[in-house]
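J.:
Number of protein chains: 2
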Amino acid sequence: MSTKTYAAFNETDPLAPHTIERRHLHAKDIFIDIEYCGVCHSDIHTAKGDWGKPNYPVVPGHEIIGRVKEVGSEVTKFKVGDLVGVGCMVESCQHCSSCDEGLEQYCENGFTGTYNSKNSKHGGITYGGYSENIVVEEDFVLHVPENIDVKAAAPLLCAGITTWSPLRHWNVKVGDKVGVIGLGGLGHMGVKFAKAMGAHVVMITTSESKGEDAKKLGADEVLISKDATQMKAHANSFDFLLNTIPVKHDVNPYLQLLKLDKTMCMVGAIEPLDAVHGGLLIMKRRNLAGSLIGGIKETQEMLDFCGEHNIVSDVEMIDIQNINTAYERMMKSDVKYRFVIDIKSLKES
Amino acid sequence: MSTKTYAAFNETDPLAPHTIERRHLHAKDIFIDIEYCGVCHSDIHTAKGDWGKPNYPVVPGHEIIGRVKEVGSEVTKFKVGDLVGVGCMVESCQHCSSCDEGLEQYCENGFTGTYNSKNSKHGGITYGGYSENIVVEEDFVLHVPENIDVKAAAPLLCAGITTWSPLRHWNVKVGDKVGVIGLGGLGHMGVKFAKAMGAHVVMITTSESKGEDAKKLGADEVLISKDATQMKAHANSFDFLLNTIPVKHDVNPYLQLLKLDKTMCMVGAIEPLDAVHGGLLIMKRRNLAGSLIGGIKETQEMLDFCGEHNIVSDVEMIDIQNINTAYERMMKSDVKYRFVIDIKSLKES
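Which chain is which? The protein sequence lines are A and B, in order.
Just so you know, we're using our numbering here: the first sequence kicks off at 180 and counts up by one.
Just so you know, we're using our numbering here: the second sequence kicks off at 180 and counts up by one.
The structure is reproduced here in structure tokens:
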């Protein structure tokens, strides 16, 4: 089916209108009429070729909310009209030990990304959510609670699960002292989730104003990381640190904040960090770890939790025609905290 | 009591004979007649001031084996004639949460090292095992099984527990694929313990000849870390990595060997490592951790295990008069795998 999208055609030009073909429905496929799509930093990195030359044209978007318009003959989990979401993955091998555990994001044969990935089963390249619609196998589609603000739910599919998964994996619980390092798309969800899990949440940031913003999101306390006296006062006191800084940085000042046996988990910086001091790990048996998005099962658990606790992202709505301006603003960190495209603007264009 | 020792008097001169006073026995104290003392790299670092100017004269030695000669009035765990050991610690606060858990090595108020430490309770500076005798509170004294080769048991008190503790903490079990990185005093004990725990043990080394040596110690397999083809073949396959390399190095080639969710534990390099690649942590939720010696309770468990499995270190015996030559050889890694001083040579000098 002929589908309107916005696509990047090379590294330097802005995104522009484009038409793609969505595949005909297979037995397990769901045809989703997209309503909203969040704008993730990965979209920019991919469109601009920061992570290697992509398969142009790139149709970005992996924070997708929409309604089921049609289902394949063997679909059992969804029906026409359901409010659904699609995140970063649309396929995995579903038979390796990671997939068996519900950890498709760590599929040993590699998952298929929602855009710019080779689709091993159906052929071609995947196209994401800056689009009128999408076809996805039901095992990679999520139920979205109807009671939350739907447009603000889109970023849950990437920024949300990326922070939810490590908070759950490292068993953050009531009363834990949890530090969220950095306040952006990921960090603001980290604060909301950790708070909802009952933790004492500390926003760790270089910026006083971001600290104030974090308090409005639910942070109990602010730690200004460039203030050596404050950092020393919080040494050896944290049960978990969620490090959302998206670029290379010195992790050592943060490591010393952890209690014995506790973990700092990286979710942003997929690049070399500054030299880690072995002594900071050895002297308190600390752990430096990383975590990648989340599995389908835990993404559903997160969405259900968001429904129960009325949690969504803080978003700024845009029309698809303003996507390039949104990219420019994101590169200056000028958004609180996620842009979401109203796909109606694409459909009516 | 006036006690013969060997001590370092400044950063550059060799160790030389010296006389110190051991304290009179307090109620909980044990007077130990030292028979053997292992020679640890920490002894050299401290004697030479590599870790900051020490409190000269330094009497090194924290791998001590001896017999109880006298006990204080309230000692309950030991009697005259018992074969005992003393490791890296002679005191801790014994009331913080770490001490309560039997993790005195992570005492929140700082443990007292066996040598070159301020003795907060009894005053003065601690003097170690290059000595005829030592006085230690019973809570920091270990029972040594009588059935093992006593002189070769000395290195268990530091090199042994330093490798035992992380293997236990990260729950190495029968059938696990465990890599021991580096073959020295620590690495050779790591191989023996991991093998005795039922793991499939892989020696990871740059040196073919060390690989062969590791097989004689029980390693099932050798992985030459500078061979990219071998490293690739072992990618994502290890359940645990024990990294005993004592100096700054690139940990990234090792991290990629770990399976999903698994840990590499540093026990050697108490200094900045080369830049860690965040992606290696994130993409497989891997952990980079560290571990420091071990608590008193687990040190006793290790010694009991060594008694049951007849495990000791591979040692080269020396007289105290040859300690300076031993230091020179250790700095060239010319020992398999630990020097142990026969303290009789000191007593009869």
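Here a beta-carbon is modelled for each residue, glycine too, at the ideal position from N, C-alpha and C.
Against Glu-391/B, what residues of chain A qualify as contacts under a CB-to-CB distance less than 9 Å, listed in chain order?
T.: As a first step, residue 391/B must be located in the second sequence, where it is residue number 212. Within chain A, no residue comes near Glu-391/B; the closest Cβ sits about 28 Å away, beyond 9 Å.
J.: Could you compute how far the alpha carbon of Gly-289/B sits from the alpha carbon of Gly-281/A?
T.: For this step, residue 289/B is matched to residue 110 along the second sequence. For this step, residue 281/A is matched to residue 102 along the first sequence. In a straight line, the C-alpha of Gly-289/B is about 43 Å away from that of Gly-281/A.
J.: Does DSSP put Lys-248/B in a helix, a strand or coil?
T.: Position 69 of the second sequence, counted from the start, is the residue given in the question as residue 248/B. Here Lys-248/B sits in strand by DSSP.
J.: Beta strand (DSSP E) containing Val-450/B: first to last residue?
T.: Looking up residue 450/B in the second sequence gives position 271. For the record, residue 450/B in the displayed sequence is Glu; it is not Val. Note, Glu-450/B: premise wrong, no beta strand (DSSP E); not H, not E.
J.: Rounded C-beta distance between Pro-451/A and Val-455/B? I'm assuming under 8 Å.
T.: The residue labelled residue 451/A in the question sits at position 272 within the first sequence. The residue labelled residue 455/B in the question sits at position 276 within the second sequence. Indeed, because the Cβ distance is near 7 Å, the residues count as touching under 8 Å.
J.: What's the gap between the Cα of Lys-389/B and the Cα of Pro-425/B?
T.: Looking up residue 389/B in the second sequence gives position 210. Looking up residue 425/B in the second sequence gives position 246. Near 16 Å, if we compare the C-alpha coordinates of Pro-425/B and Lys-389/B.
J.: What does a CB cutoff of less than 8 Å around Ile-327/A pick up in its chain, not counting 5 residues either side in sequence?
T.: Counted from its first residue, the first sequence places residue 327/A at position 148. Around Ile-327/A: Cys-485, Gly-486, Asn-489, Ile-490 and Val-491.
J.: DSSP on His-413/A, reduced to helix/strand/coil?
T.: The residue you call residue 413/A lines up with position 234 of the first sequence. Correct three-state label for His-413/A: coil.
J.: Out of curiosity, what's the CA-to-CA distance linking His-367/B and Glu-400/A?
T.: What you label residue 367/B is simply residue 188 of the second sequence in a count that begins at 1. What you label residue 400/A is simply residue 221 of the first sequence in a count that begins at 1. When rounded, the distance between both Cα atoms is 47 Å.
J.: Could you give the distance in angstroms between the alpha-carbon of Lys-300/B and the alpha-carbon of Ala-412/A?
T.: Locating residue 300/B in the second sequence gives position 121, where the first residue counts as 1. Locating residue 412/A in the first sequence gives position 233, where the first residue counts as 1. Looking at the two C-alpha atoms, the distance is approximately 27 Å.
J.: Could you tell me which chain A residues have their CB closer than 8 Å to the CB of Glu-450/B, listed as they occur along the chain?
T.: Here residue 450/B refers to the residue found at position 271 when the second sequence is read from its first residue. His-456, Gly-457 and Gly-458, listed in chain order.
J.: Note down, in chain order, each residue of its chain lying with its Cβ closer than 6 Å to the Cβ of Ile-383/A, except the 5 sequence neighbours on either side.
T.: Taking the first sequence and counting its residues from 1, one reaches residue 383/A at position 204. Same-chain partners within the cutoff: Gly-358, Ile-360, Leu-402 and Ser-404.
J.: Can you give me the C-alpha to C-alpha distance between Lys-438/A and His-322/A, rounded to a whole angstrom?
T.: Position 259 of the first sequence holds residue 438/A. Position 143 of the first sequence holds residue 322/A. Distance between the alpha carbons of Lys-438/A and His-322/A is about 38 Å.
J.: Identify, in the order they occur along the chain, each residue of the same chain with its Cβ nearer than 8 Å to the Cβ of Phe-257/A, setting aside the five sequence neighbours on each side.
T.: If you number the first sequence from 1, residue 257/A lands on position 78. If we look at Phe-257/A and ignore the five residues flanking it on each side, its Cβ neighbours are Ile-209, Val-247, Val-250, Val-263, Glu-317, Val-320 and His-322.
J.: Please classify Arg-552/B as buried or exposed, where buried requires at least 16 neighbouring CB atoms within 10 angstroms.
T.: The requested residue 552/B does not occur in the structure, where chain B is confined to residues 180 to 528.
J.: Within 9 Å of any Cβ in chain A, is that where the Cβ of Tyr-285/B sits?
T.: What you label residue 285/B is simply residue 106 of the second sequence in a count that begins at 1. Closer than 9 Å to some Cβ of chain A, the Cβ of Tyr-285/B qualifies, so yes.
J.: Could you check whether the Cβ of Asn-415/B sits closer than 9 Å to any Cβ belonging to chain A?
T.: For this step, residue 415/B is matched to residue 236 along the second sequence. So, interface residue.
J.: Could you tell me which chain E residues have their CB closer than 8 Å to the CB of Gly-358/A, listed as they occur along the chain?
T.: Checking the listed chains, one finds no chain E in this structure; the protein chains it contains are A and B.
J.: Give the DSSP-derived three-state secondary structure of Ala-398/A in the structure shown.
T.: Indexing the first sequence from 1 puts residue 398/A at position 219. Three-state result, Ala-398/A: coil.
J.: Using the beta-carbon of each residue, which ones in chain A are nearer than 9 Å to Ser-470/B?
T.: In the second sequence, counting from the first residue as 1, residue 470/B sits at position 291. Simply Leu-460, Ile-461 and Arg-464.
J.: Where does Arg-517/A fall in DSSP's three states?
T.: For the purposes of this step, residue 517/A is taken as the residue at position 338 of the first sequence. Strand at Arg-517/A.
J.: By Cβ distance below 7 Å, which residues in the same chain neighbour Lys-476/B in space, the five residues on each side in sequence not counted?
T.: One-based indexing of the second sequence puts residue 476/B at position 297. These residues qualify, in order along the chain: Gly-281.
J.: Should Val-353/A go down as buried or exposed, given a rule of 16 or more other Cβ atoms within 10 Å for buried?
T.: As a first step, residue 353/A must be located in the first sequence, where it is residue number 174. Exposed is the call here.
J.: What are the residues of the stretch 260-277 of chain A that lie near chain B, defined by any Cβ-Cβ distance shorter than 7 Å?
T.: Ser-277
J.: Just tell me which of Cys-275/B, Ile-472/B and Met-376/B has its CA closest to the CA of Leu-365/B.
T.: Here residue 365/B refers to the residue found at position 186 when the second sequence is read from its first residue. Considering only alpha carbons, the answer is Ile-472/B.
J.: Please state whether the Cβ-Cβ distance between Met-496/A and Ile-461/A is less than 9 Å.
T.: The residue labelled residue 496/A in the question sits at position 317 within the first sequence. The residue labelled residue 461/A in the question sits at position 282 within the first sequence. No, these two residues do not count as a Cβ contact at 9 Å.
J.: Give the DSSP bridge partners of Asn-312/A, in chain order.
T.: Counting from 1 along the first sequence, the entry for residue 312/A is found at position 133. In the DSSP assignment, the residues bridged to Asn-312/A are Asp-212/A.
J.: Where does Ile-522/B sit, in a helix, a strand or coil, going by DSSP?
T.: Here residue 522/B corresponds to residue number 343 of the second sequence, with the count starting at 1. Three-state DSSP puts Ile-522/B in coil, outside helix and strand.
J.: Nearest CA to the CA of Glu-242/A: which residue from Pro-236/A, Val-259/A, Ser-221/A and Lys-227/A?
T.: Working through the first sequence from its first residue, we reach residue 242/A at position 63. Checking every option, the nearest Cα to that of Glu-242/A belongs to Ser-221/A.
J.: Please classify Gln-409/B as buried or exposed, where buried requires at least 16 other C-beta atoms within 10 Å of its C-beta.
T.: Numbered from 1 along the second sequence, position 230 holds the residue referred to as residue 409/B. Sixteen is the threshold: since fewer than 16 other Cβ atoms of the shown chains lie within 10 Å of the Cβ of Gln-409/B, the residue is exposed.
J.: Look at Asp-233/A and Leu-194/A and say whether their C-beta atoms are less than 9 Å apart.
T.: As a first step, residue 233/A must be located in the first sequence, where it is residue number 54. As a first step, residue 194/A must be located in the first sequence, where it is residue number 15. Note on residue identity: the sequence assigns Pro, not Asp, to residue 233/A. For Pro-233/A and Leu-194/A, no; Cβs fall outside 9 Å.
J.: Counting along the chain, where does the beta strand (DSSP E) carrying Met-180/B start and finish?
T.: Numbered from its first residue, the second sequence carries residue 180/B at position 1. First-last for Met-180/B: undefined, no H or E at that position.
J.: So which residues on chain B does Asp-453/A lean against when the C-beta distance must stay under 8 Å?
T.: Residue numbering aside, residue 453/A sits at position 274 when the first sequence is read from its first letter. The answer, in chain order, is Ala-454.
J.: Work out the CA separation of Tyr-433/B and Ala-407/B for me, nearest whole Å.
T.: Residue numbering aside, residue 407/B sits at position 228 when the second sequence is read from its first letter. Residue numbering aside, residue 433/B sits at position 254 when the second sequence is read from its first letter. Ala-407/B and Tyr-433/B have their C-alpha atoms some 11 Å from each other.
J.: Taking the straight line between their C-alpha atoms, what separation do you get for Ala-331/B and Leu-420/A?
T.: As a first step, residue 331/B must be located in the second sequence, where it is residue number 152. As a first step, residue 420/A must be located in the first sequence, where it is residue number 241. Each residue's alpha carbon lies about 43 Å from the other.
J.: Taking the continuous beta strand (DSSP E) assigned at Ala-195/A, which residues delimit it?
T.: Along the first sequence, one-based indexing puts residue 195/A at 16. 195-200 is the extent of the beta strand (DSSP E) around Ala-195/A.
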